[in-house]
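**Q**
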RNA sequence: AGGCGCGUAGCUCAGUGGGAGAGCGCUUCCUUGACGCGGAAGAGGUCAGGGGUUCAAUCCCCCUCGCGCCUACCA
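Numbering (this note's numbering), first residue to last: 684 to 1622.
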């Protein structure tokens, strides 16, 4: 033990203690431990990102639970890791390439993936290691990555088993396509945003050349793919036209007018153009009416051959301009109105989504979802706060099959192969059906160039199998081609033995691998010790924004493959917003960097602030001022500890429990009792994920009970007491501070560890100490302490209100109205004098008031402060008059109640008794003050 | 459009069927032997508005207004 420095400096200790913990392996969970297990898997952050406030809050809460459970005797595993974030990571590396004038096609798939790994090793996973700055007790020896070998094995296992059970299928549907990322997205990956656009009214000529039907659209360029015009069957304006053909302008197609009840006659003109290949509603209409789909926009967002010679090759927006111009020339554009509507954007790159038709892999979700609903309904999984249950159920009810294939390279490549040499059931060669589109057109021997062809064609012109695969930018494999899937890479076609097989080029949605996170990270599919010990995990701590993306899918996969829930509790915390309540985002420029907060105020203050903000069911509006406030709290704790350490020479080896009741003074028993209450509350609140309540209980106890009252009352003993009295008080001070540090450790790991080494005899870490659980209470001391506090506050109140300088020594007389306050106050006379700066206090039951006194009426006592010439009679009368007004209004309020017969009839007796007791005291108090005013008036 | 949540001190937020609390800010005073990142004493609120249930409503129910979020739709 040394002594604490004058000022606490977070920077000096944070790194020191973190590496101490890590080197001592305190974060490591033990497979052979006898202790009960407790496990949290971290929501794996995106490997491309850097730490933001959301991560900081999320990690702080997990760390609080982790440290609390460790100290409470559990073998805790907090398992960290990152997710490979397919699209995001691929985007980052593609941007890098484009700076070098390259793209992924130029360097090829293998080279590209090597590049991404290299990037990942250099810059990836920054977030997860930034958590160390926060003090997180993650078991780094078990850190995982969704693309590492083990997790890839788990993905492969899951895919193949779902495939074999028939829960995976390919289908040709309209999907959300990002023309920039060049991939399909699931519906969850599309963000809708309100856009100020235009509504174009376009005349479609009827067979009777002078007449038109007018359609309304926000996307005129899609008219090139129209295959019908739909009107409501009961719409009188149009019912006579149903069944007629219209000439689709800018094309030479004629399309039919159909009756469709889903059309809203009140919207636009009541006539809807139907473009099944580029609109989800239109696709549904087309299905009902057997309409063809004509795709006019290609994967790169440009118009394709079907759009016609004039438009082919233009991008969507250029085409829109030209279509509008051409319609205007033809006199077919009737009007353009302003119109705001919501438009889907890619959640990664914010490009406007294009619905296009394509073949994708889907997970058949219904059977998985119904199990996942059951788990929450039957309470095997608790969502906390419960308010999320409804959201969860609603989403699960409307859940659609999950599109899991992505047309990118960074990720788990789908373990499916197709054999071009086999024949389909109808006898056609599969190779005739598989179409290859090249990155760059190939020049053949006779100088002809080709940009695409079927597999069979390309083979017939002499291309090698591997060459075809390598040069293909897109491989179109029709739905009917038979997919082959197995755990180990397929080397040859199991039916024809051909080695020229084609692997599905797509990769899986990143969330597919994160869905397995709670068991894949523990070693599944191998039957590992970790898996046995830590699955199911105990709690998942996460934000609501990924409840569907991730939590729901983990529940489905856990139930399916582990036959058990992945976690018992899901604690859903708030989003961190800025002071105005807006989401923090780089584009808004309102981001607060957690690392800056740590740098400025220290990790402990920052963490405590996050915990204090984490009230259930409410968003966090982050305020830097509050971090500062908690930095002051740490300073307070630090200085309280410094004070105690000064008296370390009086510390004995006695345990506090070895002190008998009469060896401890009132204040010591009181603070121990308050500590007992705080310990109880903090444990209860952390258990219930009420982190803010736990934090404020400790704050209140440390500052306003321990520092404000206990330390102050020990001073007269420490300055003037006997050795024996000092020992008792110092032992109690040490005991309380040590318990405060233990209670605070999960919230403020660094400063508590630092002080611990000064105040405890042990050289090891506070992390290894047991968390305070239950200690003795002293209810009598708590109630007696109130007399003391009343006496001190009464005198201070008079001082403050009458503006008597704190340095002026005064006298006080206290008349007690019963024996208890008489005894309590007399026993602690010196402490009262010290805290009120009185040089003389008389306490008795027969004190009479002197004329020149200021007074204060408290429970069972009357306090007189004789002031002689110092008494400003006028302001004292003023003060007492204010007080009497307050008392009188209270009396009339309580009286009204007690006069009410219904109240007396219906209210519980304890409430009635309370009111009766109140009124007697109030009347007595009023009388006393009144008398006092009278006396003052005579002066 | 539907759902959820919120509206409490100047600001950021707790909270409860029996006359409301914290932090910061504000006012006055204080170089009191842990701490001015401190101490003492204060000011400040018809708990968004209206109606209902109840002996009693800030809290429960209904409506209105304002704000936020989610889901769906938006030709």
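Note that beta-carbon positions come from the ideal geometry of N, C-alpha and C, so glycine has one too.
So, at 7 angstroms on beta carbons, what are the nonlocal neighbours of residue 684 in its own chain, with the 5 sequence-adjacent residues on each side left out?
**A** For the purposes of this step, residue 684 is taken as the residue at position 1 of the first chain. Any answer about residue 684 is weak, because its pLDDT of 43 lies below 50 and its placement is not dependable; what the coordinates show is given next. Cβ neighbours of residue 684 beyond the five flanking positions: 1331 and 1441.
**Q** Just how far apart, CA to CA, sit residue 836 and residue 1212?
**A** Here residue 836 refers to the residue found at position 153 of the first chain. Here residue 1212 refers to the residue found at position 529 of the first chain. Approximately 18 angstroms between the Cα atoms of the pair.
**Q** If I follow the unbroken alpha helix (DSSP H) through residue 1495, where does it start and stop?
**A** The residue labelled residue 1495 in the question sits at position 812 within the first chain. From DSSP, residue 1495 is part of no alpha helix (DSSP H) but of the beta strand (DSSP E) over 1493-1499.
**Q** Grouping DSSP H, G and I as helix and E and B as strand, with all else coil, what is residue 843?
**A** As a working note, residue 843 is residue 160 in the first chain. Of the three classes helix, strand and coil, the one that applies to residue 843 here is helix, per DSSP.
**Q** Taking residue 1146 as the reference, which of 1163, 1119, 875 and 1167 has the closest Cα?
**A** Taking the first residue of the first chain as 1, we reach residue 1146 at position 463. Out of 1163, 1119, 875 and 1167, 1119 has the C-alpha closest to the C-alpha of residue 1146.
**Q** If the criterion is Cβ atoms closer than 7 angstroms, does the pair residue 1032 and residue 1105 meet it?
**A** As a first step, residue 1032 is located in the first chain; it is residue number 349 there, counting from the start. As a first step, residue 1105 is located in the first chain; it is residue number 422 there, counting from the start. Contact flag unset, no.
**Q** Among the residues of its own chain, which have a CB less than 7 angstroms from the CB of residue 736, if the five just before and after it don't count?
**A** In the first chain, the residue the question calls residue 736 occupies position 53. Contacts found: 1259, 1267, 1275, 1277 and 1305.
**Q** Considering only the alpha carbon of each residue, which of 828, 693, 823 and 780 lies closest to residue 730?
**A** Here residue 730 refers to the residue found at position 47 when the first chain is read from its first residue. Checking every option, the nearest Cα to that of residue 730 belongs to 828.
**Q** Considering only C-alpha positions, which residue in the set 1203, 1586, 1001 and 1082 is nearest to residue 763?
**A** Within the first chain, residue 763 is the residue found at index 80, counting from 1. Among 1203, 1586, 1001 and 1082, the Cα nearest to that of residue 763 belongs to 1203.
**Q** State the Cα-Cα distance for the pair residue 965 and residue 955, rounded to the nearest angstrom.
**A** Mapped onto the first chain, residue 965 falls at position 282. Mapped onto the first chain, residue 955 falls at position 272. One C-alpha to the other measures close to 9 angstroms.
**Q** Compute the Euclidean distance between the alpha carbons of residue 1091 and residue 796, then round it to the nearest angstrom.
**A** For the purposes of this step, residue 1091 is taken as the residue at position 408 of the first chain. For the purposes of this step, residue 796 is taken as the residue at position 113 of the first chain. Taking the straight line joining both Cα atoms gives about 11 angstroms.
**Q** Considering Cα atoms alone, identify which of 1502, 1537 and 1512 is closest to residue 1482.
**A** The count along the first chain starts at 1 and reaches residue 1482 at position 799. Residue 1537 is the option with its Cα nearest to residue 1482.
**Q** What residue range does the beta strand (DSSP E) around residue 1118 cover?
**A** Walking along the first chain from the start, residue 1118 turns up at place 435. Element bounds for residue 1118: 1118-1126.
**Q** Based on DSSP bridge pairs, tell me the residues matched to residue 696.
**A** As a first step, residue 696 must be located in the first chain, where it is residue number 13. Answer is none; residue 696 lacks a bridge partner.
**Q** Could you give the DSSP three-state label for residue 1024: helix, strand or coil?
**A** In the first chain, the residue the question calls residue 1024 occupies position 341. If DSSP states are grouped into helix, strand and coil, residue 1024 belongs with the strands.
**Q** Under 7 angstroms between the Cβ atoms of residue 1375 and residue 1323?
**A** For the purposes of this step, residue 1375 is taken as the residue at position 692 of the first chain. For the purposes of this step, residue 1323 is taken as the residue at position 640 of the first chain. Taking 7 angstroms as the Cβ cut-off, residue 1375 and residue 1323 do not qualify as a contacting pair.
**Q** Report the residue from 961, 993, 912 and 1002 whose alpha carbon sits nearest the alpha carbon of residue 972.
**A** Here residue 972 refers to the residue found at position 289 when the first chain is read from its first residue. Closest option to residue 972, Cα to Cα, is 912.
**Q** Going by DSSP, which residues form a beta bridge with residue 986?
**A** For the purposes of this step, residue 986 is identified with residue 303 of the first chain, where counting begins at 1. According to DSSP, which records beta bridges pairwise, residue 986 is partnered with 980.
**Q** With H, G and I counted as helix, E and B as strand and the rest as coil, what does DSSP make of residue 1415?
**A** Within the first chain, the letter at position 732 stands for residue 1415. Residue 1415 falls in the helix class under three-state DSSP.
**Q** Which residue marks the beginning of the beta strand (DSSP E) containing residue 799, and which one marks its end?
**A** On the first chain, position 116 is the one that residue 799 refers to. From DSSP, residue 799 is part of no beta strand (DSSP E) but of the alpha helix (DSSP H) over 792-806.
**Q** Indicate the three-state DSSP secondary structure (helix, strand or coil) for residue 828 in the structure shown.
**A** Along the first chain, one-based indexing puts residue 828 at 145. Correct three-state label for residue 828: strand.
**Q** One question on the structure: do residue 1467 and residue 1349 come within less than 7 angstroms of each other, judged by their Cβ atoms?
**A** The residue labelled residue 1467 in the question sits at position 784 within the first chain. The residue labelled residue 1349 in the question sits at position 666 within the first chain. In contact: residue 1467 and residue 1349 (Cβ atoms closer than 7 angstroms).
**Q** Is it the case that the segment 888-907 contacts the segment 941-956, given that we only count it when at least three CB pairs across the two stretches are under 8 angstroms?
**A** Result yes; three or more Cβ-Cβ pairs closer than 8 angstroms.
**Q** By the three-class DSSP mapping on this structure, what secondary structure does residue 1164 have?
**A** Here the question's residue 1164 lines up with position 481 in the first chain. In the structure shown, residue 1164 sits in coil (DSSP, three-state: anything other than H, G, I, E or B).
**Q** Taking the runs of the alpha helix (DSSP H) that are 4 residues or longer, which of them lie wholly in the segment 719-802?
**A** Runs of the alpha helix (DSSP H) inside the segment 719-802: 736-754, 769-782 and 787-790.
**Q** Spatial neighbours of residue 875 within its chain, please: C-beta separation below 6 angstroms, excluding the five flanking residues on both sides.
**A** Here residue 875 is taken as the residue at index 192 of the first chain, counted from 1. Once the five neighbours on either side are set aside, the close Cβ partners of residue 875 are 1025 and 1027.
**Q** Using the beta-carbon count (16 or more within 10 Å), is residue 768 buried or exposed?
**A** One-based indexing of the first chain puts residue 768 at position 85. With 16 or more other Cβ atoms within 10 Å, it is buried.
**Q** Take residue 830 and list the residues in its own chain whose beta-carbon comes closer than 6 angstroms to its own, dropping the five residues that flank it on each side.
**A** Position 147 of the first chain holds residue 830. Around residue 830: 767.
**Q** Taking 8 angstroms as the threshold, find out whether the segment 1553-1570 comes into contact with the segment 1517-1532 through three or more Cβ pairs.
**A** Because the criterion of three Cβ pairs below 8 angstroms is not met, the segment 1553-1570 and the segment 1517-1532 do not touch.
**Q** DSSP beta-bridge partners for residue 1254?
**A** The residue you call residue 1254 lines up with position 571 of the first chain. Answer is 1067 and 1224, bridged to residue 1254.
**Q** Compute the Euclidean distance between the alpha carbons of residue 1347 and residue 1309, then round it to the nearest angstrom.
**A** Position 664 of the first chain, counted from the start, is the residue given in the question as residue 1347. Position 626 of the first chain, counted from the start, is the residue given in the question as residue 1309. Taking the straight line from one Cα to the other gives about 37 angstroms.
**Q** So residue 815 and residue 1000 are supposed to be a Cβ contact under 8 angstroms. How far apart are they, rounded?
**A** Here the question's residue 815 lines up with position 132 in the first chain. Here the question's residue 1000 lines up with position 317 in the first chain. Between residue 1000 and residue 815 the Cβ distance is about 47 angstroms, and since that is not below 8 angstroms, they are no contact.
**Q** Where DSSP assigns a beta bridge to residue 1137, which residues make up the other side?
**A** Translated into the one-based positions of the first chain, residue 1137 becomes position 454. For residue 1137, which the question treats as bridged, DSSP gives the partners 1118.
**Q** Assuming residue 1185 and residue 1097 are in contact, meaning their beta carbons sit under 8 angstroms apart, how far apart are those beta carbons, in whole angstroms?
**A** To locate residue 1185, count along the first chain from 1; it is residue 502. To locate residue 1097, count along the first chain from 1; it is residue 414. Actually they do not touch by this definition, with Cβ atoms about 12 angstroms apart.
**Q** Rank 732, 879 and 745 by C-alpha distance to the C-alpha of residue 806 and give the top, closest one.
**A** Taking the first chain and counting its residues from 1, one reaches residue 806 at position 123. The candidate whose alpha carbon is nearest that of residue 806 is 732.
**Q** Given residue 1314, which residues of its chain have a CB within under 6 angstroms of its CB, disregarding the five upstream and five downstream residues?
**A** The residue given as residue 1314 occupies position 631 in the first chain. Same-chain partners within the cutoff: 1284 and 1288.
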